[in-house]
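Engineer: Residue numbers -20 to -1, 1 to 513, in mature numbering (1 follows the signal peptide of the UniProt record, and there is no 0), belong to the letters of the sequence shown in order. The structure follows.
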Amino acid sequence: MNKIQIPFLLAIFVSVASYAQDVSVQYAQSITPKDLERHLRVIAHDSLEGRDTGSPGQKKAAAYVANFFKSIGLRPIVTDKDGSKSYFQPYGLYQKSWGEVYLATEKEQYEFQQDFYLSGLLNVLSEEKVPVVFAGYGIESDKYDDYKSLDVTGKAVLILEGEPKNKKGNYLISGDEKPSKWSSDAMSWQRKVSLATSKGAKYVLIVSNLTGDDFTKEVTKRGVMNQRFNRLSMKPYTEKTTGNAAFTISRAMALDLLDIKAKKLAKIENTISSKGQSLAGSLPERSVRVKAERKENIVMTENVLGFLEGTDKKDEVIMITAHLDHIGISADGQINNGADDDGSGTVSILELAEAFAKAKAEGHGPRRSIVFMTVTGEEKGLWGSEYYTSNPVIPLANTVCDLNIDMIGRVDNAHKSNPNYVYLIGSDKLSSELHAISEEANKKSVNFDLDYTFNNPSDPNRFYYRSDHYNFAKNKVPVIFYFTGVHEDYHRPGDDVEKIMFDKQSKIVQLVFHTAWELSNREERIKVDSNKP
C-alpha cells in the first residue's frame, strides 16, 4: 500500500463512520413523546384492569404488542408445538387458590366472599358436618372467661367480635376505656383463634360488628385481599393450611347458625355486660356443614418476542426487555393501571422496535440480531425472564447483553429539580466495555445525568435483583437496567398515563437506542471481563 492511498482510505473510513452516526440520530429521533403516549393509552387503559399476570387484561396487552411487532415487520421466532412460529412464548405458573368454599345450615347455604369471608388458610376438601357451640366473646382471662366450663373439642365455636363492656361503658377486662389484647389491634382475632384451637376447637366463626352495607363492603374488600393466598410460582409448592383461620360471618348468619332471634342474641350481650359473666354454652348446640377447598391451578401466561435479524453477525443477539404485567385490582376495587410500572417500559420496547425496523427497511439494519421482548410474571417473582433464560429461544451463549427498561416515565424525590436523569444499574457488573459504551452513547446523544446510586452493592433497595435483567445477569449475560426511581404512586391506583413525563421518557428511550445501535454494529462483541457484586 503506497503513501497516497492511506490518507484516502482513512478519509473514507471517517466519512462512513460519520454517516453511520448521522443515520443513528435520524432513527433515534423517530422515537417521540407522541408515539409513546399513543401506545401507553392502550397498555394502561382501565379496560385492561391492571394487567395482572395471566389475566384477560394482560393477554390483551400481549396481543397488542404481538400485533404491533407483526405490523412493523418483526419476525416471530418461538416454535409452537405444531412447528409453526409465534410471537408468544407461553409458560405456566402454579397457583394455589380457593375452590368450593361454603358454610351451610339446615335452612341455607352461605357463599364465600358473598355472605362471609375467611381469614387464614384451611383445606377442607370434603364437606364436614360439625356441632356449633356458642362461646361468647371467645376470651379467657382472670376477670372474664368464656372457656371456664365449656367443651369445644372437635366443634365449631361461634364467638362475638370485640370484647364486653360493663354498664359504665368500660371494658370488663381492663376495667377502663382502653381495650385489652382481645380487641385492641388487628391481631386480636388471631389471639381468639389460637385460644379456641388450643382448647380443641376445629373451626372458628366470628360474628362481625359490621352490619348492612358496611359488612357487604368489608366482604368485598376481603375478597380482593384473599388474592394474596393465590400466589404464583414456577414450580409446584405446598402451603401450610393449619393454624389460625376464621370465618367472619354477619349477624344475620349467626342467628341462623344458632337458631335464635335477634332479640335473644341482644339479650345475651346485655346480660354479659350487666353481670360481667360469660354466657358461653348457654345456647343449645346446632350444626354447620363446612367446605373450604384449596386447589392447585396452572395459570397460563406468555412472554412476547419480536425478532429483527442482523446482517453479518446475525447469530449474536442483543436482548431489549421490559415487563408487560402489573398488579391488577386493589383490595378496594380500584384499578392499578401501571402506566409507569411498567407500561413505560413496554411502550419503549415498541418504539425501539419500530426505530430499528425502519432502519433495516431503509438499508441500515444492525449487524447483530435484536430480540425485543416483553415478559410477564415480573410482579410475581421475575418469572417470565426466569422462564426465558431457562428456555432461551436463542442460546444464552449467543446473547451479547440485555438492556432492560422498568419505570422510566416519572421522577423520584431525589430528582424533583432535575428531571433529566436516569438511574443505570448493572452496567459495569459483568462488562467494563458495556459500561464505557453506555457512557459514550449518553455523551453523544441525550447527555442526561447518569445516576449510579442504586448500582452500589450496599444499596438497601437492592434494585439490581428486582427486575428482569437479573435473570440474564446471573447467567453471566451483561446487563443495563434503566430506571427513574420509585414515586408516590408505586403499586398504587394513581400510576396513570396523565402523570407520565413523555418528553423525558423519549430521551431515555433514545439513549437506549444509541446504546443498542453501538452494541449491535461494533466489530467486536463486548467482553465479559468483570464479576462485581
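Just so it is clear, CB atoms sit at the ideal spot from N, CA and C, and this is done for glycine as well. The structure displayed is predicted, hence computed values, not measured ones.
Got a sec, what are the start and stop residues for the beta strand (DSSP E) TYR67 sits in?
Structural biologist: TYR67 -> no beta strand (DSSP E), and no H or E assigned at all.
Engineer: Just list the residues that DSSP pairs ILE309 with in beta bridges.
Structural biologist: Note: ILE309 sits in a beta bridge opposite ILE315.
Engineer: In whole angstroms, give me the CA-to-CA distance for GLU498 and VAL380.
Structural biologist: 12 Å
Engineer: Identify, in the order they occur along the chain, each residue of the same chain with its Cβ nearer than 8 Å to the Cβ of TYR90, setting aside the five sequence neighbours on each side.
Structural biologist: TYR82, LEU83, ALA84, PHE96, ILE229, MET233
Engineer: For TYR124, does the three-state DSSP call read helix, strand or coil?
Structural biologist: coil
Engineer: Roughly how many angstroms separate the alpha carbons of TYR44 and ARG269, rounded to a whole number?
Structural biologist: Roughly 47 Å between the two C-alpha positions.
Engineer: Is it buried or exposed, THR471, if we count other Cβ atoms within 10 angstroms and call 16 or more buried?
Structural biologist: It is His, not Thr, that sits at residue 471 in the sequence shown. Label assigned to HIS471: exposed.
Engineer: Closer than 8 Å by C-beta to GLY149: which residues in its own chain qualify, once you throw out the five before and the five after it? Chain order, please.
Structural biologist: GLU157
Engineer: Buried or exposed for GLY286, going by 16 or more other Cβ atoms inside 10 Å?
Structural biologist: buried
Engineer: Under 7 Å, do TYR127 and LYS179 count as touching if we go by C-beta distance?
Structural biologist: yes
Engineer: Need the endpoints of the beta strand (DSSP E) that TYR462 sits in, please.
Structural biologist: 459 to 463
Engineer: Within its chain, find whatever has a CB closer than 6 Å to the CB of GLY37; leave out the 5 residues flanking it on each side and keep chain order.
Structural biologist: LEU28, GLU29, ARG31
Engineer: Where DSSP assigns a beta bridge to GLY384, which residues make up the other side?
Structural biologist: Looking at the sequence itself, residue 384 is Asn, so the reference to Gly does not match. According to DSSP, ASN384 bridges with THR301, PHE461.
Engineer: Within the same chain, show all residues whose beta-carbon is closer than 8 Å to that of LYS512, passing over the 5 residues directly before and after it, in chain order.
Structural biologist: The residues are ASP408, LYS409, LEU410, PRO437.
Engineer: State the DSSP-derived secondary structure class of ASP165, mapped to helix, strand or coil.
Structural biologist: coil
Engineer: Please go through the same chain and pick out, in chain order, the residues whose beta-carbon is closer than 6 Å to the beta-carbon of LEU140, but skip the five residues on each side of it.
Structural biologist: TYR117, VAL187
Engineer: Compute the distance between the beta-carbons of PRO159 and LEU152, then report whether it is under 7 Å.
Structural biologist: No, they are not a contact pair.
Engineer: Within 10 Å of its beta-carbon, does ASN441 have 16 or more other beta-carbons around it, so buried, or fewer, so exposed?
Structural biologist: exposed
Engineer: What number of angstroms, rounded off, separates the C-alpha of SER10 from the C-alpha of ALA333?
Structural biologist: Taking the straight line joining both Cα atoms gives about 11 Å.
Engineer: Could you spell out where the beta strand (DSSP E) holding GLU107 opens and where it closes?
Structural biologist: From DSSP, the beta strand (DSSP E) with GLU107 extends over 104 to 114.
Engineer: Below 6 Å, is the gap between the Cβ of LEU138 and the nearest heavy atom of the ligand ATP?
Structural biologist: Ligands are entirely absent from the displayed structure, and the ligand ATP is therefore not among its contents.
Engineer: Please report the distance separating the alpha-carbon of GLU468 from that of PRO375.
Structural biologist: 39 Å
Engineer: For ALA335, which residues in the same chain have their Cβ closer than 7 Å to its Cβ, ignoring the five residues on either side in sequence?
Structural biologist: TYR7, ALA8, SER10, ILE11, PHE493
Engineer: Report yes or no: do the stretch 101 to 108 and the stretch 309 to 329 share at least 3 C-beta pairs separated by less than 8 Å?
Structural biologist: no
Engineer: Count the other CB atoms, across all protein chains shown, that sit within 10 Å of the CB of ASP122; report buried if there are 16 or more and exposed otherwise.
Structural biologist: exposed
Engineer: Comparing C-alpha positions only, which one of TYR450, SER328, ASN146, MET280 sits nearest to SER254?
Structural biologist: ASN146
Engineer: Have a look at the DSSP bridge pairing and note the partners of VAL184.
Structural biologist: VAL137
Engineer: Just to check my reading of the structure: ASN451 and GLU358 have Cβ atoms closer than 8 Å, yes? What is that Cβ distance to the nearest angstrom?
Structural biologist: Going by Cβ atoms, the distance from ASN451 to GLU358 rounds to 10 Å, so no, they are not a contact pair.
Engineer: Which whole runs of the beta strand (DSSP E) in the stretch 38 to 98 are 3 residues long or more, in chain order?
Structural biologist: 68 to 84, 89 to 91
Engineer: Which stretch, first to last residue, makes up the alpha helix (DSSP H) that contains ILE329?
Structural biologist: Annotation: the continuous alpha helix (DSSP H) that includes ILE329 extends over 325 to 341.
Engineer: Put HIS494 into one of helix, strand or coil per three-state DSSP.
Structural biologist: In the structure shown, HIS494 sits in a helix (DSSP, three-state: H, G or I).
Engineer: In angstroms, rounded to a whole number, what distance separates the CA positions of TRP162 and SER99?
Structural biologist: 17 Å
Engineer: Measuring alpha carbon to alpha carbon, tell me which residue in GLY325, ARG505, THR464 is nearest LYS396.
Structural biologist: THR464
Engineer: Can you list, in chain order, the residues of its chain whose CB lies under 7 Å from that of ASP239, leaving out five sequence neighbours each side?
Structural biologist: ARG266.
Engineer: Taking buried to mean at least 16 other C-beta atoms within 10 Å of its own C-beta, is SER262 buried or exposed?
Structural biologist: exposed
Engineer: For ILE417, name the three-state secondary structure that DSSP assigns.
Structural biologist: helix
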